[in-house]
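*Asks:* This structure is in structure tokens; I'll ask about it shortly.
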Amino acid sequence: MSRQKIASLSDLTEGKTVKFQFTHKGKPTEGFVACFKGKLVAYENRCRHLPLSLDYDDGRFFSRDGKTFVCQTHNAIYEPLTGLCLRGPCEGESLKPLKIEITEDEVWLLE
Ligand code: FES
662 MSRQKIASLS DLTEGKTVKF QFTHKGKPTE GFVACFKGKL VAYENRCRHL
712 PLSLDYDDGR FFSRDGKTFV CQTHNAIYEP LTGLCLRGPC EGESLKPLKI
762 EITEDEVWLL E
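Residue numbers for the sequence shown, in the numbering used here: 662 to 772.
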């Protein structure tokens, strides 16, 4: 199993997200880690409707009320703690979760 530093814990206060790049099965892939209700979650930055990033490259993942992630292309709404799409063209599907580990002030991706 490999480990890659993806963020500093101090950058992930409530409602914040950090994007990162990693290699998955030899392909460059983007992920994001977010702090929601005091928990850190990480997912591949790829909508389940079409293979597009959720944030459309501007780093915004949370809805205006901060309660869900939203895909900026067709407004699919995802539950942050589970990645489940609650509403939109891919309702019932889930974001691909990524394993992370926290050590002191560092957040690591485990692959
Ligand atoms: S690409 Fe995300 S909802 Fe269509």
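Where a beta carbon is used, it is the ideal one built from N, C-alpha and C, also for glycine.
#1: Leaving out the 5 sequence neighbours to the left and right, which residues in its chain are closer than 8 Å to E767 when beta-carbon positions are compared?
#2: Relative to the ligand FES, is the shortest distance from any of its heavy atoms to the C-beta of P784 smaller than 7 Å?
#3: Along the beta strand (DSSP E) that carries T743, what are the first and last residues, could you check?
#4: Please go through the same chain and pick out, in chain order, the residues whose beta-carbon is closer than 7 Å to the beta-carbon of R674, but skip the five residues on each side of it.
#5: Kindly identify the DSSP beta-bridge partner or partners of Q665.
#6: Does L670 come out as helix, strand or coil in the three-state DSSP assignment?
#7: Tell me whether the beta-carbon of I763 lies closer than 8 Å to the beta-carbon of V694.
#8: Expressed to the nearest angstrom, what Euclidean distance is found between the alpha-carbon atoms of A723 and L745?
*Replies:* This is what the structure holds:
#1: As a working note, residue 767 is residue 106 in the sequence shown. Cβ neighbours of E767 beyond the five flanking positions: K666, A668, S669 and L670.
#2: Residue coverage of the chain in this structure runs from 662 to 772, which leaves residue 784 outside it and unanswerable.
#3: As a position in the sequence shown, residue 743 is number 82, starting the count at 1. Going by DSSP, T743 is part of no beta strand (DSSP E) at all; its letter is neither H nor E.
#4: Within the sequence shown, residue 674 is the residue found at index 13, counting from 1. Per the sequence presented here, residue 674 reads as Thr, with Arg not at that position. Result list for T674: C696, in chain order.
#5: One-based indexing of the sequence shown puts residue 665 at position 4. L770.
#6: Here residue 670 refers to the residue found at position 9 when the sequence shown is read from its first residue. Helix, per DSSP.
#7: Here the question's residue 763 lines up with position 102 in the sequence shown. Here the question's residue 694 lines up with position 33 in the sequence shown. No, they are not a contact pair.
#8: Here the question's residue 723 lines up with position 62 in the sequence shown. Here the question's residue 745 lines up with position 84 in the sequence shown. As written in the sequence, residue 723 is Phe, which differs from the Ala given in the question. Answer to the nearest angstrom: the Cα atoms are 14 Å apart.
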